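Going by the numbering used here, the first residue of the first sequence is number 8, and it counts up by one from there.
We put the beta carbon where it would ideally sit given N, CA and C, even for glycine.
Bear in mind that the values here come from a model prediction, so they are computed numbers and not experimental data.
Taking it in order: structure first as structure tokens, then the write-up.
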Amino acid sequence: MNFVEEVKWRGMLHDVMPGTEDMLKEEQVSAYVGIDPTADSLHIGHLVGVMLLKHFQRAGHKPVALIGGATGMIGDPSGKSQERNLLDLETLRYNQEAIKKQLSKFLDFSEKSDNKAVLVNNYDWMSKFSFLDFIRDVGKHISVNYMIAKDSVKKRMKGSEDKDAEGLSFTEFSYQLVQGYDFLHLYKEHNCKLQMGGSDQWGNITTGTELIRRMLKGKAYALTSPLITKADGGKFGKTETGNIWLDPKKTSPYEFYQFWINTSDEDAEKYLKIFTVLDKAEIENLVSEHKEAPHTRILQNKLAEELTSVVHSKDAYDTSVVASKMLFGKGTKEQLETLDDTTFNAVFSGVPHYEINANILKNGINIFDLLSEEAPVFKSKGEIRRLVKDNGISVNMEKFTNPDALINSEYLINDKYLVIRQGKKKYSILFIK
RNA sequence: GGGGGGAUUCCAGAGCGGCCAAAUGGGGCAGACUGUAAAUCUGUUGGUUUAUACCUUCGGAGGUUCGAAUCCUCCUCCCCCCA
């Protein structure tokens, strides 16, 4: 498999240094992608880089995932990073392990593979480097003129066309040099000749190739991916509730599945190419099938299936499908009553829970008091009134249309809870205590 | 240093003594149509046990008035022009 070709047709190629393709044909090398260990989980924004490594490994080369323990402390001036917090070592190691576990779902780290994936942390070599040694051995080789010519730096300089530019600290300025040194280190230690990343990383990567050329007379390469966009201009990977994480504790498999199911038609094909390993013919097939019968949403279903299965499990995927059918098909009260615990949790884990006193249901309670005072699902009674009038509230999957009706114990599902739905997608659960 | 303009509900932006909880647009929410999409259309968008009612809101503090987002005084912040 030709790695560059592969990445190109998948729409994951923004820029590549001339000669990269030929170099990869000649020998088995390593390539790396940097990941900030700011949390103990990856989110789907990291997935492009991970998939680059995945295809790299599929092409017979060795992928290296670099945890930016050191660089993460400095803060990349590309984009509008703010001041970073220094991670303590314990957290850093913890995050590193958690991230490795997630990466292993995509990459093969097993010893027996002759191109096994490797995880490294630049903290391990940078922390021992003294300032004096660094500026003497590394800084000497790169001129300030070269460094300030980078877009990421130029944009931050006072007097640039960007009037909000606030200048940048020496710390941030030196970021590219530290990242450049990472590349040099991996070049020496792991025969790493290629660094990959988002298109905003181009400047930082080329500082690395430059450093390698000057210090080692070596030749190293760069390859970047376009930043993922959505057809409607929104930011990819974010929902109202925040990031979509790979960690099931942060984003439930059900929510994860739902995220992909909700992809728009315009984006689905693009995402299928980027985030799955399906080959070209297979994807083209799906696209034409989808065009035949758009309402079946083959692309979205496939996307959700592939991603949920890889990141979570086949079981988690199956459960999510059942849960979705239940919530978005014509779910009924009877179906709710027959939900088993696993499915129940899958469906409602990401949903707000409220506790209410069992007594208040004994004599029945009107919906306004119940949903604003007993369980603050809504912020005012007026809002509830409006929604009821507009047919916007369902109790236990049944439209609640009569504002005078009282809710009593008979409404409880399995004597334990009530399911409140606002509109089509927003659920709340009221448990009795 | 001198002169001028402005601060309005989530945002933009009307209103310039009572008919203002405040036009209009955007956004949000809901409904219809659908494919848990897009587009479109409709309703709704401060609070209060259902309201031709009351309460809280128009940068802050006072004042004038039967009555102020609207007039006056002081303060705070923003913008523009001249030096």
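Task: Beta-bridge partners of H360, as assigned by DSSP - done: Beta-bridge pairing links H360 to I436.
Open item on the list: Taking a contact to mean a Cβ-Cβ separation below 9 Å, would you say H68 touches W132 in this structure?
Closed with: Between H68 and W132, the CB-CB gap reaches or exceeds 9 Å.
- [ ] Could you tell me which residues DSSP puts in a beta bridge with G204?
- [x] In DSSP, G204 forms a bridge with T231.
Task: Exposure of T270, with buried meaning 16 or more beta-carbon neighbours within 10 Å - done: With 16 or more Cβ atoms within 10 Å of its Cβ, T270 is classed as buried.
Open item on the list: Using DSSP's beta-bridge definition, name the partner residues of S37.
Closed with: BP columns for S37 point to K69 and C199.
Open item on the list: My output table needs one value for L20: the three-state DSSP class, helix, strand or coil.
Closed with: Of the three classes helix, strand and coil, the one that applies to L20 here is coil, per DSSP.
Open item on the list: Going by DSSP in three states, E168 sits in which element: helix, strand or coil?
Closed with: For E168, the predicted structure reports a pLDDT of 46, less than 50, and the residue's modelled location is therefore unreliable. The matter cannot be settled from this model.
TODO: Can you have a look at S232 and say buried or exposed, based on whether 16 or more other CB atoms are within 10 angstroms of its CB?
DONE: Flag for S232 reads buried.
TODO: Determine the extent of the alpha helix (DSSP H) in which R220 is found, giving its start and end residues.
DONE: Start and end: W209 to L223.
Open item on the list: What does the alpha-carbon distance come out to for the pair D397 and R428?
Closed with: Between D397 and R428, the C-alpha separation is close to 13 Å.
Open item on the list: What would DSSP say about I251, mapped onto helix, strand or coil?
Closed with: Residue state for I251 is assigned as coil, using DSSP reduced to three classes.
Task: Residue burial classification, R220 (beta-carbon count within 10 angstroms, cutoff 16) - done: Here R220 is exposed, its C-beta having fewer than 16 other C-beta atoms within 10 Å.
- [ ] Would you identify the three-state DSSP class for S48, choosing helix, strand or coil?
- [x] Here DSSP, grouped into helix, strand and coil, assigns S48 to coil.
- [ ] Can you have a look at A66 and say buried or exposed, based on whether 16 or more other CB atoms are within 10 angstroms of its CB?
- [x] Looking at its Cβ environment, which holds 16 or more other Cβ atoms inside 10 Å, A66 is buried.
- [ ] Report yes if the C-beta of Q265 is less than 8 Å from at least one heavy atom of the ligand ADP; otherwise report no.
- [x] In the structure shown, the ligand ADP is absent, as is every other ligand, since no ligand is present at all.
Task: The beta strand (DSSP E) enclosing N128, as first and last residue numbers - done: Segment V125 to N128, the beta strand (DSSP E) holding N128.
Open item on the list: Using only the alpha-carbon positions, how far apart do W252 and S331 sit?
Closed with: If I take the Cα positions, the gap works out to 19 Å.
- [ ] Starting from the C-beta of Q109, find all residues in its chain whose C-beta is less than 7 Å away, skip the five residues before and the five after it, and write them out in chain order.
- [x] The answer, listed in chain order, is S48, L49 and L253.
Task: Cβ-Cβ separation, N129 to G76 (assumed contact under 8 Å), whole Å - done: Confirmed, about 6 Å.
Open item on the list: In the DSSP output, what is S387 paired with across the bridge?
Closed with: Looking at the DSSP assignment, S387 forms no beta bridge with any residue, so it has no partner.
Open item on the list: I want to know whether the segment 290-306 touches the segment 341-348 - three or more CB-CB distances under 8 Å.
Closed with: Segments in contact, no.
Task: CA-to-CA distance, K112 to D207, given in whole angstroms - done: Taking the straight line joining both Cα atoms gives about 26 Å.
Task: Secondary structure of S401, DSSP reduced to three states - done: Residue state, collapsed to three classes: strand.
TODO: Name the one or two DSSP bridge partners that N373 has.
DONE: Per DSSP, L413.
- [ ] Would you kindly work out how many angstroms separate the C-alpha atoms of K440 and V354, rounded to a whole number?
- [x] Going from the Cα of K440 to the Cα of V354 covers about 21 Å.
Open item on the list: Taking the alpha carbon of T45 as the reference point, which residue from H21, E97 and V14 has its own alpha carbon closest?
Closed with: Measuring from the Cα of T45, the nearest candidate turns out to be E97.
Task: K226 versus L334 - alpha carbon distance - done: Computed Cα separation, rounded: 56 Å.
Task: Assigned secondary structure, K406 (DSSP; H/G/I helix, E/B strand, else coil) - done: Reduced to three states, the DSSP call for K406 is strand.
- [ ] Using a threshold of 9 Å, state whether the C-beta atoms of L184 and Y39 are closer than that.
- [x] Between L184 and Y39, the gap from beta carbon to beta carbon reaches 9 Å or more.
TODO: Give a yes or no on whether the C-beta atoms belonging to D189 and L114 are separated by under 9 Å.
DONE: Note that the C-beta distance between D189 and L114 is not below 9 Å.
Open item on the list: Considering only the alpha carbon of each residue, which of S134, L437 and R393 lies closest to G79?
Closed with: Nearest in C-alpha terms to G79, of all of S134, L437 and R393, is S134.
Task: Opposing strand residues paired with Q429 [DSSP bridges] - done: The secondary-structure analysis by DSSP pairs Q429 across a beta bridge with I400 and K433.
- [ ] Measure the beta-carbon distance from Y418 to V384 and round it to whole angstroms, keeping in mind my assumption that it falls under 8 Å.
- [x] Not really, about 15 Å apart at Cβ, beyond 8 Å.
Open item on the list: Need the endpoints of the alpha helix (DSSP H) that L346 sits in, please.
Closed with: Membership of L346 in any alpha helix (DSSP H) is not indicated, and neither H nor E is assigned to it by DSSP.
Task: Delimiting residues of the alpha helix (DSSP H) encompassing P260 - done: Per DSSP, P260 belongs to the alpha helix (DSSP H) from P260 to I268.
TODO: Identify whether I74 lies in helix, strand or coil by the three-state DSSP scheme.
DONE: Strand.
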